[in-house]
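Line order of the protein sequences matches chains Z and A. Following our numbering from start to finish, the first sequence increments by one per residue and tops out at 1095. Following our numbering from start to finish, the second sequence increments by one per residue and tops out at 1095.
Number of protein chains: 2
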Amino acid sequence: MDLKKKIRNVPDFPRQGIGFKDITTLIGDAAALRSAVRQMRARFAGISVDKIAGIESRGFIFAAILAYTYQVGMIPVRKPGKLPYSTINEDYDLEYGSGSLQIHSDAVQKGERILIVDDLLATGGTVAASARLIERLGGIVVGCCFLVELDFLNAREKLGNYRIESLVHYKSE
Amino acid sequence: MDLKKKIRNVPDFPRQGIGFKDITTLIGDAAALRSAVRQMRARFAGISVDKIAGIESRGFIFAAILAYTYQVGMIPVRKPGKLPYSTINEDYDLEYGSGSLQIHSDAVQKGERILIVDDLLATGGTVAASARLIERLGGIVVGCCFLVELDFLNAREKLGNYRIESLVHYKSE
């Protein structure tokens, strides 16, 4: 299935000049949702995974389904103030200013193999921060999986040698 | 499986005197996550469902897995400003002030049977708002499914005749 056809382009969101890739049309379509999950699994075939980390909040959608199909647990990577227990924190740069992400300090056990999942790979700042959080706890990032990648933002330069798989690519804005 | 044992109680979060029910320990446990999904399915056995609505953002986790296992689409119910396309809005009361939830105005087709999913049923304000959103678009709410219910907040009084199923109950704070 050509998943790109299931994604809606919304012009000028969240601000003028940005074409937003709206994945709600894809996840609202049963066949497209299943096809996306199947394709994600295929991209990481043969790689053993102990846990799936999902980045708040659309990342939770595919991370949860993948955790279920892999029969592993899911780790939420969240914005500050959302996780109730002891956390660790990593900052990342935004276009103006910076943001932070957190995980529970007991979310990853040493040596666990973690697949990071989000809906969209843009500049890569949140993914790189998520990878640092996992590695600080002794986890091994076995890959980063996305539904959509905005190739023109060159996130891969920021993500070094991690295995990155995205199902749908946009070459230009 | 006794799911309650997989939920961590975090005292004084988000503020003093509140015992927060931390479900990250449950979703991080592969067997508990699968058991929860199986139990949710069992509670709605025999009821036909066209789509699953998940309430931002922990609600996305179980809504996504249920959509996958039911082989239907998932609808995100989100805080204002997050959904890029045309939306409708419903307000709900908070302890101090009010909040709002939105769905895309084309997310539900007339007559579609929708199961609403969230991690926690507290006062029921967000669920009632979600049900109103779905019904304004002509959808039929076939039930509301939660991992945890805080019985002492009496949400069921607010939710009228909807079928409500929660896997884990807390009788007192």
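Don't be surprised by glycine CBs; every beta carbon is placed ideally from N, CA and C.
Sequence-distant residues of the same chain with beta carbon closer than 7 Å to residue i, five excluded per side
i	result
Ala954/A	Met923, Leu925, Lys928 and Leu948
Gly995/A	Lys973 and Ala989
Ala1050/Z	Tyr1014, Lys1080 and Leu1081
Expected contact under 8 Å - CB spacing of residue i and residue j to nearest Å
i	j	result
Gln961/A	Leu1089/A	5 Å
Asp944/Z	Arg930/Z	4 Å
Ile1056/Z	Ile1036/Z	5 Å
Ile1038/Z	Ser1052/Z	5 Å
Tyr992/A	Val971/A	5 Å
Ile969/Z	Val1064/Z	6 Å
Whole-angstrom distance between residue j and residue i, CA atom to CA atom
i	j	result
Tyr1092/A	Glu1012/A	28 Å
Gln1031/A	Pro936/Z	26 Å
Ala1046/Z	Val932/Z	Here the sequence assigns Gly to residue 1046/Z, which means Ala is not the residue at that position. About 21 Å.
Ala952/A	Ala986/A	16 Å
Ala1029/A	Gly950/Z	7 Å
Asn1083/Z	Gly1033/Z	18 Å
Lys1080/A	Ala1044/A	11 Å
Ile1010/Z	Leu1075/Z	28 Å
Cys1066/A	Ala967/A	13 Å
Ile997/A	Gly1061/A	12 Å
Ile940/A	Arg1054/A	29 Å
Glu1017/Z	Asp934/Z	17 Å
Arg965/Z	Gly1003/A	33 Å
Leu1005/Z	Leu1059/A	34 Å
Glu1095/A	Ala975/Z	30 Å
Under the three-state DSSP convention, the category residue i falls into
i	result
Asp934/A	coil
Leu1005/A	coil
Tyr992/Z	helix
Lys973/A	strand
Gln1024/Z	strand
Arg1035/Z	strand
Lys927/Z	helix
Ser1088/Z	strand
Glu1079/A	helix
Val1122/A	Absent from the model: residue 1122/A. The displayed extent of chain A is 923 to 1095, so no value can be given.
Glu1057/A	helix
Asn1068/A	The question names Asn, but residue 1068/A is Phe in the sequence shown. Residue state, collapsed to three classes: strand.
Close-in-space but distant-in-sequence residues of the same chain around residue i (CB under 6 Å, 5 per side omitted)
i	result
Asp1073/A	His1091 and Lys1093
Ser1008/A	Ser1027
Phe942/A	Val932 and Phe935
Residues near residue i in its chain [Cβ-Cβ closer than 8 Å; skip 5 each side]
i	result
Asp1041/Z	Ile945, Arg980, Gly981, Ile983, Phe984, Phe1068, Leu1069 and Val1070
Arg1000/Z	Glu978, Leu1023, Gln1024 and Ile1025
Neighbour flag for residue i against chain B, beta carbons, 8 Å
i	result
Lys973/A	Chain labels in this structure do not include chain B; the protein chains are Z and A.
Problem set entry | Interface residues of the segment 987-1010 of chain Z facing chain A [CB-CB below 9 Å] | If the cut-off is 9 Å between Cβ atoms, the segment 987-1010 of chain Z has Ile987, Ala989, Tyr990, Thr991, Tyr992, Gln993, Val994, Gly995, Met996, Ile997, Pro998, Arg1000, Gly1003, Lys1004, Leu1005, Pro1006 and Tyr1007 near chain A.
For this session: Name, going along the chain, the residues of the segment 1015-1029 of chain A whose beta-carbon falls closer than 7 Å to a beta-carbon of chain Z.
Result: Within the segment 1015-1029 of chain A, the residues whose Cβ lies closer than 7 Å to some Cβ of chain Z are His1026 and Ala1029, listed in chain order.
Problem set entry | Against chain A: residues of the segment 936-954 of chain Z by CB proximity under 7 Å | Answer set for the segment 936-954 of chain Z: Phe942, Asp944, Thr946, Ile949, Gly950, Asp951 and Ala952.
Exercise. Closer than 9 Å, Cβ to any Cβ of chain Z: which residues of the segment 1054-1070 of chain A, in chain order?
Worked result: Hits within the stretch: zero.
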